[in-house]
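Engineer: For the sequence shown, the working numbering begins at 2 and goes up steadily by one.
Even glycine gets a Cβ: it sits at the ideal position worked out from N, Cα and C.
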Amino acid sequence: MRRSWRTFLSSTDVGPGTVSFRRMRSCSPACDGEVAPRRSERMARGPRPVRRSVSPRYRCAVFAAVFATALVSGCGTPPAADRQSVLTVVQSSVSIGDPHIVSDALGPRSIKSAIYEALVKLDAQGRYQPALAEQWDLSEDARSWTFHLREGVTFHNGDVMNAADVVATLGRVLDPSIGGAFGTQGVYISYLGTAEISAPDDMVVRIVTEEPMADLLDLVVDMPISPVSELDRLPKAYVGSGPYRVVELGDTRVVVAAHDDYWGGTTEYDEIHWLAEADPERRVNAVLDGRADIAAGIGIGGRDRIVEDGGALAHERDGGLAIIFMVNALEGPGRDRRVRQALNHALDVDAIIEEIRHGAAKPLSGYLPPNHFGYDPETPPYTYDPDRARSLLAEAGYSDGLTLTFDIPQVMPDEMPELARMMVEQYGEVGITVNVVEHEDRSGYSQMVREKRINDAAGFDSSPRSTYRVLREKIHSGLRGPWWEGYENEEVDALIEEAQATVSDTDRQAIYRRIYSIIRDDAPWIFLYNPTLYWGAGPTMTDWRPRADGLLVFS
């Protein structure tokens with residue numbers, strides 16, 4: 002028996018997520034109109050924007066910007082009634098890179114989402130929806146996935162999509178020569194390197210995996226499909242089937258224009274201009290001055306500036322990042338569960354968030370942020386309890402104190418040096434002396450962690466939005482994935498394997514929640530916080546709101 006997803010779609014829990022200031026309308030133009038079952042009981046509510054009266058200065062700036070845009074584009078007539086003219090987005094970087102490497106960076110992924118499509122997509126609430134595949138089937142043993150492709154999909158170069166394009170693209174994704182960023186090379190191969198990927202006919206693709214893989218959609222959603230004829234041009238030219246095609250590609254500016262043959266119908270905008278600006282304050286200025294419609298990654302300081310100015314909208318949402326320290330459980334004191342628990346009880350995470358993030362984060366209660374499938378809202382964070390930390394250290398044989406060495410990167414996350422300083426101070430209060438080794442080369446740092454050459458603990462940002470990926474790459478001791486640092490629990494390993502053989506989302510979620518509780522107690526990591534994301538938007542963007550996954554998606 003097979004399960005068919007034509008009207009039933011995989012449901013996902015996006016968790017709690019948004020803090021807002023004034024109620025918006027129910028859905029943005031970017032939201033999908035379809036309603037699918039959720040992957041758990043709770044859905045993240047969309048944020049409400051901050052909005053004050055628009056100053057005459059701001060209205061003049063907006064008028065000037067629109068007038069200048071019309072001159073530059075050579076457009077003397079109003080746009081079509083169902084399409085706006087130009088949307089301008091400013092973010093930290095517009096570098097796309099190779100679309101087939103593993104990357105969780107929101108900026109490049111947002112641009113790619115306009116150009117490319119995968120077999121499936123995530124909607125604004127984090128639920129899987131049809132994209133290039135309009136239906137998919139999963140065998141009862143969770144090993145055979147059959148994707149039925151959408152008819153009439155035209156790539157930007159005029160080619161019509163068929164199964165050969167999908168099979169060839171997935172072959173490129175699994176090509177070892179593609180490499181990766183920050184130690185991610187070979188990640189996809191570890192999942193699908195032995196899979197059979199075939200095309201039973203022109204509009205059907207089948208993926209048969211060696212082991213059960215009930216969460217395969219977590220992988221293919223990040224594998225954008227290209228026409229066979231254009232694969233050799235990557236990553237110098239980007240040709241997809243998405244709602245927008247590339248018309249300008251630069252280091253500081255990327256322009257995409259509406260794909261007139263897009264299967265999904267008329268796009269929201271004639272063009273989208275992505276501008277790169279490394280300074281978050283300047284990104285805020287771009288929105289306040291009317292030079293940009295949306296500014297991403299503005300931080301809590303940018304949010305406060307927008308609220309104070311009153312000429313724009315501010316949005317905030319729980320992000321998908323977990324700021325943690327991976328404890329070396331292969332050797333040294335970190336092998337002892339009591340030491341790892343003491344390292345968590347000794348930290349006042351609320352004070353750290355207030356000092357380092359100015360309140361713009363929430364304490365983690367385990368290895369996942371709340372917007373992940375399988376997060377358990379009933380599992381509490383570690384309490385700040387110095388006495389309990391001292392007691393645990395004494396039980397582990399360290400009543401006279403403990404000296405550890407922590408590795409940290411200087412960036413990604415950028416606050417890591419200051420964070421480490423506060424941790425050193427707080428650990429000192431319970432008799433733990435921490436020496437910190439800073440690493441300037443972020444890519445080299447990732448490789449060091451991957452090769453398991455860390456000292457007693459290593460600062461890290463766990464970013465995959467896939468619970469399956471986190472468990473397989475960082476937790477399962479039998480697989481010894483790229484970011485696994487020695488933690489072993491046979492029950493957890495068995496539960497991960499059970500989850501991957503469990504087709505039912507509801508049943509699999511229950512297994513993941515059990516895993517969440519066990520990992521929290523075993524403390525293979527020092528659980529710190531989940532940063533809040535902030536955006537600014539111009540006063541005309543009243544219907545826009547950030548998605549649960551933080552991507553800027555415009556259809």
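What runs of the beta strand (DSSP E), each 3 residues or longer, lie entirely inside the region 112-160?
Structural biologist: You should have 121-123, 129-131, 134-140 and 145-150.
Engineer: Between V435 and D290, what straight-line distance do the alpha-carbon atoms span, to the nearest angstrom?
Structural biologist: Taking the straight line from one Cα to the other gives about 46 Å.
Engineer: Less than 9 Å between the beta carbons of G360 and Y535, yes or no?
Structural biologist: No; because the gap between Cβ atoms is not below 9 Å, this pair is not in contact.
Engineer: Could you tell me how far apart the beta carbons of N490 and D457 are, in whole angstroms, since I believe they sit closer than 8 Å?
Structural biologist: Their Cβ separation, rounded to whole angstroms, is 20 Å, which puts N490 and D457 out of contact at 8 Å.
Engineer: In its own chain, which residues sit with a C-beta less than 6 Å from the C-beta of V450, not counting the 5 before and 5 after it?
Structural biologist: Around V450: A459.
Engineer: Is the CB-CB distance between I516 and L529 below 9 Å?
Structural biologist: Going by C-beta atoms, I516 is not nearer than 9 Å to L529.
Engineer: Does the beta carbon of A315 sit closer than 9 Å to a beta carbon anywhere in chain C?
Structural biologist: Included in the structure is just one protein chain, with no chain C present.
Engineer: May I ask you to verify whether the region 90-99 touches the region 276-285, counting CB pairs closer than 8 Å and requiring at least 3?
Structural biologist: Contact between the region 90-99 and the region 276-285 is present, because at least three Cβ pairs lie under 8 Å.
Engineer: Where does T468 fall in DSSP's three states?
Structural biologist: In the structure shown, T468 sits in a helix (DSSP, three-state: H, G or I).
Engineer: Kindly indicate which residue of S478, I520 and R473 has the alpha-carbon position closest to the one of D216.
Structural biologist: It is R473 whose Cα lies nearest to the Cα of D216.
Engineer: Identify the continuous alpha helix (DSSP H) that holds Y446 and give its terminal residues.
Structural biologist: First-last of the alpha helix (DSSP H) with Y446: R443 to R451.
Engineer: In whole angstroms, what is the alpha-carbon distance linking D142 and P213?
Structural biologist: Roughly 6 Å separates the two Cα atoms.
Engineer: Residue range of the beta strand (DSSP E) that V248 falls in?
Structural biologist: Residues Y245 to L250.
Engineer: Pull up the distance between the alpha-carbon of L322 and that of V222, whole angstroms please.
Structural biologist: Roughly 19 Å separates the two Cα atoms.
Engineer: Please determine if the region 110-128 and the region 221-241 are in contact, where contact requires at least 3 C-beta pairs separated by less than 8 Å.
Structural biologist: Touching, per the Cβ criterion.
Engineer: Using a Cβ-Cβ cut-off of 7 Å (strictly less than) and excluding sequence neighbours within five positions of I190, which residues of its own chain qualify?
Structural biologist: L175 and P177, listed in sequence order.
Engineer: Is the CB-CB distance between I354 and G402 below 9 Å?
Structural biologist: Cβ atoms of I354 and G402: not closer than 9 Å.
Engineer: Roughly how many angstroms lie between the CA atoms of G194 and D351, to the nearest whole one?
Structural biologist: Distance between the alpha carbons of G194 and D351: 43 Å.
Engineer: Evaluate the contact criterion for the region 149-160 versus the region 203-210: three or more CB pairs, one atom per stretch, below 8 Å.
Structural biologist: At 8 Å Cβ cutoff, the stretches touch.
Engineer: Is DSSP giving K363 helix, strand or coil here?
Structural biologist: If DSSP states are grouped into helix, strand and coil, K363 belongs with the strands.
Engineer: Just to confirm my understanding: we take S556, look at its own chain, exclude 5 residues before and 5 after, and list those with CB closer than 7 Å. What are they?
Structural biologist: Around S556: A31, P244, G265, T268 and E269.
Engineer: Should the region 157-173 be regarded as contacting the region 251-259, the criterion being three or more beta carbon pairs within less than 8 Å?
Structural biologist: Segments in contact, no.
Engineer: Straight-line CA distance for S74 to V328?
Structural biologist: Interpretation of S74 is limited by its pLDDT of 36, a score under 50 that renders its predicted location unreliable; no figure is taken from the coordinates.
Engineer: With respect to the beta strand (DSSP E) encompassing Y530, which residues constitute its N-terminal and C-terminal limits?
Structural biologist: Taken as a continuous stretch (DSSP letters only), the beta strand (DSSP E) holding Y530 covers W526 to A538.
Engineer: Could you check the C-alpha separation between G551 and P201 for me, to the nearest Å?
Structural biologist: Taking the straight line joining both Cα atoms gives about 36 Å.
Engineer: In whole angstroms, give me the CA-to-CA distance for A330 and T541.
Structural biologist: Computed Cα separation, rounded: 52 Å.
Engineer: Tell me the DSSP bridge mates of L276?
Structural biologist: Answer by DSSP bridge pairing, in chain order: V91 and R254.
Engineer: Name the two residues that bound the continuous alpha helix (DSSP H) containing R283.
Structural biologist: It spans P281 to L289 - the alpha helix (DSSP H) in which R283 sits, taken as one unbroken run.
Engineer: Ends of the beta strand (DSSP E) at S199?
Structural biologist: First-last of the beta strand (DSSP E) with S199: E197 to D202.
Engineer: Can the beta-carbon of T468 be found less than 9 Å from the beta-carbon of L369?
Structural biologist: Contact: yes.
Engineer: Could you give the distance in angstroms between the alpha-carbon of V554 and the alpha-carbon of E379?
Structural biologist: Distance between the alpha carbons of V554 and E379 is about 32 Å.
Engineer: Under three-state DSSP, which class holds P370?
Structural biologist: Reduced to three states, the DSSP call for P370 is coil.
Engineer: Under 9 Å between the Cβ atoms of V425 and P387?
Structural biologist: Going by C-beta atoms, V425 is not nearer than 9 Å to P387.
Engineer: Entirely within the region 383-441 and at least 3 residues each: give me those beta strand (DSSP E) ranges in chain order.
Structural biologist: Here the runs fully enclosed are 403-410 and 433-440.
Engineer: Using the Cα positions of A538 and G302, report the straight-line distance between them to the nearest angstrom.
Structural biologist: Those two C-alpha atoms are separated by around 15 Å.
Engineer: What residue range is occupied by the uninterrupted alpha helix (DSSP H) comprising R306?
Structural biologist: Here the alpha helix (DSSP H) through R306 covers G300 to D310.
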